[in-house]
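Protein chains in written order, with my numbering: chain A, 30 to 176; chain B, 30 to 176; chain C, 30 to 176; chain D, 30 to 176; chain E, 30 to 176; chain F, 30 to 176; chain G, 30 to 176; chain H, 30 to 176.
For every residue, glycine included, the Cβ atom is placed at its ideal position computed from N, Cα and C.
None of the values given here were measured: they were computed from a predicted structure.
Okay, structure first, notes after.
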């Protein structure tokens with residue numbers, strides 16, 4: 030544990046990952062960040078690398094499986110997960126990742142605005158912390174990884 | 030495995046649980062059903078049994094923890110989970126349960142209408158089946174538990 | 030362990046399961062038998078219970094997933110597996126089940142004729158015994174479960 | 030996970046491993062490849078290092094056990110497995126490895142021609158992807174391991 | 030989970046166990062209670078069943094090991110633990126049991142007066158609830174085990 | 030845990046099992062006893078049920094594997110093991126069982142005379158108790174399983 | 030295991046950690062030390078990094094959760110834990126850590142004066158050693174990690 | 030797995046460890062060797078580092094526990110164990126280590142002369158190979174770790 034691996038799960042349409050990564054780099058924290066593929070179009074087309082599907086359901090299924098090779102492995106090998114809920118989309122994949130972490134016993138921090146704390150209460154119940162601005166995550170990481 | 034335990038996770042505002050339970054009973058299937066507390070008000074107030082909280086966040090937190098004693102235990106001891114996504118609310122707890130099952134290796138079936146298959150694609154990727162009307166779940170259980 | 034659960038995996042086109050079950054019953058052995066669905070047509074159509082698929086690959090995939098709800102659960106809960114290799118078909122599912130048992134540490138017995146011992150050598154290497162006629166399996170079960 | 034370990038299981042009579050390794054090297058992917066001993070004669074004679082056996086069954090058994098020291102360890106420590114089914118032999122060892130991975134929760138990709146998708150349907154059901162030409166595996170690895 | 034097993038850990042010098050057991054019985058809750066041996070003298074002398082020790086340290090060690098056969102087994106097989114901290118003694122065994130439960134993922138409820146919440150904060154951080162009078166535990170069990 | 034399962038491992042040439050079983054029965058203890066096959070000749074010949082072997086090493090190997098189906102399953106499902114070392118033979122199987130229990134975290138009690146405590150010191154280091162006459166084991170079981 | 034990771038749990042008001050670390054450094058032992066945050070005020074305020082709490086119970090809870098991200102991860106990744114009990118405070122967190130280690134099977138050494146061996150007897154029962162002056166811990170580490 | 034860790038368990042009164050280590054070094058094999066403390070007197074006195082014991086049983090117990098900190102950790106982190114049985118002493122610790130490896134699923138090789146294969150038959154039944162001269166172990170390691 031001279032270097033902590035942090036998995037950044039959830040929302041891919043804002044720059045929260047960059048904020049955390051830059052904040053950590055500015056403080057020279059002993060952390061490495063991992064993420065799902067955050068290019069939305071590439072992610073949706075991941076399965077097209079293999080024989081393409083005409084049916085939308087199976088195209089999604091195939092792409093999600095290919096993405097799963099990456100995300101499952103990265104979640105299982107991380108020390109801490111940060112799970113971001115934004116203000117768009119259903120974001121069931123983020124809640125799914127939280128449940129996955131909870132079952133593995135991997136500590137996770139939720140990151141989101143105050144207006145959605147209610148529907149996230151079961152997700153909070155297994156979380157180690159709730160952060161609002163990404164800068165709080167950086168502060169937590171600084172504290173947690175201090176020598 | 031002379032009797033299969035089925036955990037019914039998710040939506041608590043429609044009668045899908047009753048439909049499945051009655052369908053299984055009509056066929057005399059060797060299954061037992063378990064669920065979270067589905068009385069919404071009681072569930073929200075679970076923590077009030079202990080010293081009540083004035084702060085909304087912590088009241089929710091406390092109630093979710095008390096509910097977690099039940100749900101975590103029931104999920105971990107079930108053979109199959111059925112996870113229902115309805116057309117209201119955020120339903121992050123349902124996706125959380127799916128992630129929990131996935132990490133445990135517990136097979137789960139998603140149950141929902143066709144219009145939300147896209148945002149559920151990561152949840153589907155680890156599921157064993159997607160059912161639409163509750164009657165399909167009954168048919169799957171009949172097939173899976175046949176002698 | 031007053032009653033041992035035996036999972037019978039593999040070939041579905043001969044009467045080896047019946048032979049073992051009748052042999053065990055004749056001796057009143059303290060065993061219960063479990064199997065995959067052995068009706069070939071029903072097994073192939075398991076996924077049709079849900080929205081039917083036109084594409085053959087996905088129909089098979091869907092049916093295999095539904096069958097997996099049953100087989101995975103039964104394999105994980107058995108005490109001993111018997112894995113039968115016959116003289117027809119590829120039977121990769123039988124070898125798959127053997128590998129699954131090996132990883133779980135579940136003892137398994139292979140059951141097959143002498144002419145295929147060579148290609149089964151890696152499967153044997155993790156097995157606890159190799160039986161030829163089903164009657165030998167009954168004898169092994171009699172010995173193993175004796176009081 | 031700055032370097033992913035990929036285990037290449039199955040067929041040893043074609044150059045699919047070289048194709049994947051060269052493709053990955055050409056792209057400078059952050060991956061390391063591991064394999065069973067692919068020299069067929071050496072693999073069959075692995076047990077002869079110890080006291081040689083006259084009986085064919087036990088010679089095979091002994092060699093398979095020695096090979097198992099290697100393969101079991103490499104499978105258990107890999108991040109992703111690629112499992113190749115060719116057009117010769119029974120290849121039960123490949124299906125066995127797939128079952129082993131499935132039980133461990135290790136993601137695996139099957140690699141084979143279209144004409145055997147039917148008998149592999151149970152193996153597919155737990156796989157994360159099916160690739161046909163080895164170049165597709167390289168593409169998947171490129172996608173999955175991208176920064 | 031038609032019957033929940035509750036392990037009652039900690040203080041043995043007050044009647045909190047009886048209060049909980051009688052409360053549960055009065056409500057006919059589907060629960061079974063397990064406890065360490067609560068006869069203090071018998072517990073201290075557990076090791077004397079074997080060859081007695083003259084050295085106090087080793088007598089304690091031997092007795093604690095014998096008690097551990099019981100407590101470890103009961104903790105590992107319970108569904109919920111209630112961990113009681115009273116106003117006497119060091120009670121490190123109670124905190125030890127809490128840590129054991131936390132590592133196993135077994136949900137536990139702490140039971141104690143308000144004046145010791147501060148030194149129990151790390152124990153609370155992994156708990157599912159904090160109860161004060163034993164009657165609250167009964168209420169929680171009633172809620173959690175309701176059909 | 031209304032009934033404890035006790036596995037009796039080791040020496041098969043004296044009546045220590047009967048002494049413990051009769052002692053437990055006399056006290057009506059809530060315990061069930063399990064053992065390996067204790068008929069020495071039958072145990073050595075366990076593998077002869079299958080195709081007999083001419084080579085002594087492989088006959089032993091085959092019989093030990095068949096016995097292993099039983100012993101491994103019973104050890105893994107017991108609550109407590111009692112491991113008996115007598116004054117004859119090498120008894121490496123007894124020490125093997127102790128190591129197996131230690132790795133699983135299953136509590137075990139060693140049972141043997143005082144003159145061999147020295148060579149058993151590593152086995153003791155992971156044991157929960159050392160008993161000399163079988164009657165002490167009965168006393169321990171009485172204490173441990175008391176209500 | 031060319032470098033052993035040692036987690037130093039417990040008392041934060043004396044210089045026992047420095048004594049052990051300096052002793053190990055003087056002997057050039059192949060060990061790395063990890064600890065909780067030992068600045069008492071900073072530890073109590075860990076949760077204030079996030080939205081501050083007015084209620085004392087929840088402030089403690091929040092801080093303990095943040096500290097738990099660190100301590101849980103470090104305990105789970107250490108090879109050996111040293112758990113120090115001093116002469117002040119309740120120190121339930123130290124006993125909690127011991128229970129956590131016991132459940133994980135992580136070897137731990139207790140470090141404390143002779144006058145508290147009695148209340149620590151259950152904690153000792155799962156420990157690998159009891160040391161009094163910190164210098165003994167250094168000697169144990171020297172012995173255990175020798176080449 | 031670019032470097033394999035090999036644990037050398039058992040007999041400490043002959044030079045088999047040196048033979049294997051020198052053989053591996055001569056071939057430049059990608060292996061690291063780990064062992065228990067092989068200085069017999071130092072091993073027996075390991076517990077004397079702490080408060081010395083007058084009672085022989087507890088001195089042994091204490092020393093075995095201290096040795097266990099090392100051996101348990103090294104066994105749990107090795108890739109392959111070699112377990113040597115010589116012609117002196119009871120060697121129950123070696124059989125204990127074999128049982129420990131078997132339960133963990135760690136592959137092990139037994140190393141011993143032909144005259145003790147009979148009493149080792151249960152230990153063989155879970156082993157991956159039986160070697161006689163240490164040079165055979167080197168050959169196995171060469172084969173198993175080849176690129």
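Host alpha helix (DSSP H) of residue i (start-end)
| i | result |
| --- | --- |
| residue 103(F) | 85-106 |
| residue 49(B) | 45-55 |
The ligand PLP heavy atom lying under 7 Å from the CB of residue i
| i | result |
| --- | --- |
| residue 173(H) | You won't find the ligand PLP in this model; it holds no ligand whatsoever. |
Residue span of the beta strand (DSSP E) that contains residue i, given as start and end
| i | result |
| --- | --- |
| residue 166(E) | Taken as a continuous stretch (DSSP letters only), residue 166(E) belongs to no beta strand (DSSP E), being part of the alpha helix (DSSP H) at 163-173. |
| residue 111(B) | 109-113 |
Three-state secondary structure (DSSP) of residue i
| i | result |
| --- | --- |
| residue 61(G) | strand |
| residue 41(D) | coil |
| residue 74(A) | coil |
Spatial distance of residue i from residue j (CA atoms)
| i | j | result |
| --- | --- | --- |
| residue 107(D) | residue 103(A) | 13 Å |
| residue 93(B) | residue 55(B) | 34 Å |
| residue 48(E) | residue 65(E) | 16 Å |
| residue 123(H) | residue 149(E) | 43 Å |
| residue 136(C) | residue 157(C) | 6 Å |
| residue 69(G) | residue 171(G) | 30 Å |
| residue 111(D) | residue 140(D) | 7 Å |
| residue 116(G) | residue 88(B) | 37 Å |
| residue 90(F) | residue 138(C) | 15 Å |
| residue 34(F) | residue 74(H) | 38 Å |
| residue 85(G) | residue 143(E) | 12 Å |
| residue 100(H) | residue 45(G) | 26 Å |
| residue 132(C) | residue 133(F) | 16 Å |
| residue 152(C) | residue 31(F) | 40 Å |
| residue 60(A) | residue 37(A) | 12 Å |
| residue 81(C) | residue 145(B) | 18 Å |
| residue 76(D) | residue 95(D) | 6 Å |
| residue 43(H) | residue 118(H) | 13 Å |
| residue 39(C) | residue 127(D) | 16 Å |
For residue i, the residue or residues it bridges with in DSSP
| i | result |
| --- | --- |
| residue 67(H) | None, per the DSSP bridge assignment. |
- Query: Which runs of the beta strand (DSSP E) fall wholly inside the stretch 115-166 of chain H and span at least 3 residues, in chain order?
  - Reply: 137-140 and 158-160
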